[in-house]
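Comments concern the structure below.
Numbering (our numbering), first residue to last: 151 to 383.
Okay, structure coming up:
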């Protein structure tokens, strides 16, 4: 068994870390408070999940080092190099999945309806709202919402997914989307959704009408849609 496999055995799964973080940050908070301060809670959850992971990572890594020294009297550099590289790659993957989890958790706590991983012409956005069944019946009245923590390597994928003739909302934490990419997003009917602090501090984002804060997404798009969905059922 590789050192990385040993490392993983002692680190809680992403879902466990995320669930614990949600219990800490959102304890006692009601729907109105969460929705009105969605960006704040989103960012606090990000920090809490990362801090919990760093604690678990250090504990598990130190355990492996201690075991190697106890059993072999030393740690080979190549083994340690492979372990650290695997940890680094795993951390990036976990960060992306945690981003999706936070949105799912907050949407659920706000009782927003959604289906996950619906196949739409070969693409699988993270959330289709209000449901897969409704989308099949009324695709133009549905909301497609997906989450990608960073976009630099995925911009072409995003455009391909969105270019299906439907409105498309993309949550991201990427602060380096260019003006030309935002204009391209507009052409393909893509709205970027970001935390309020990012929208306010980034000059390019603050001027782009198709870059929304989470709060703007709720008030201008999702909440009105929820009222329509209720009246049509």
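Think of the CB as a built atom: it goes at the ideal place given N, C-alpha and C, for glycine as much as any other residue.
Length of the line joining the Cα atoms of residue i and residue j
i	j	result
residue 350	residue 362	10 Å
residue 319	residue 340	6 Å
residue 233	residue 153	6 Å
residue 298	residue 201	21 Å
residue 274	residue 220	48 Å
residue 368	residue 175	21 Å
residue 376	residue 257	13 Å
residue 336	residue 374	21 Å
residue 203	residue 173	15 Å
residue 334	residue 358	12 Å
residue 215	residue 230	9 Å
residue 360	residue 245	25 Å
residue 382	residue 317	19 Å
residue 169	residue 291	32 Å
Whether residue i touches residue j by CB criterion (7 Å)
i	j	result
residue 281	residue 265	yes
residue 345	residue 192	yes
residue 322	residue 301	yes
residue 160	residue 236	no
residue 188	residue 365	yes
residue 171	residue 198	yes
residue 218	residue 225	yes
residue 184	residue 241	no
Buried or exposed by the 16-neighbour rule on C-beta atoms within 10 Å, applied to residue i
i	result
residue 276	buried
residue 164	buried
residue 205	exposed
residue 279	buried
residue 331	buried
residue 157	buried
residue 181	exposed
residue 196	buried
residue 255	buried
residue 401	As displayed, the chain neither begins before 151 nor continues past 383, which places residue 401 out of reach and without an answer.
residue 295	buried
Those residues which DSSP pairs with residue i across a bridge
i	result
residue 266	277
residue 318	294, 340
Range covered by the beta strand (DSSP E) that runs through residue i
i	result
residue 225	Note, residue 225: premise wrong, no beta strand (DSSP E); not H, not E.
residue 363	361-363
Residue i, enclosing alpha helix (DSSP H) - first and last residue
i	result
residue 287	282-287
residue 167	164-175
residue 326	Residue 326 -> no alpha helix (DSSP H), and no H or E assigned at all.
residue 371	No alpha helix (DSSP H) holds residue 371; DSSP gives it neither H nor E.
residue 160	Where residue 160 is concerned, there is no enclosing alpha helix (DSSP H), given that its DSSP letter is neither H nor E.
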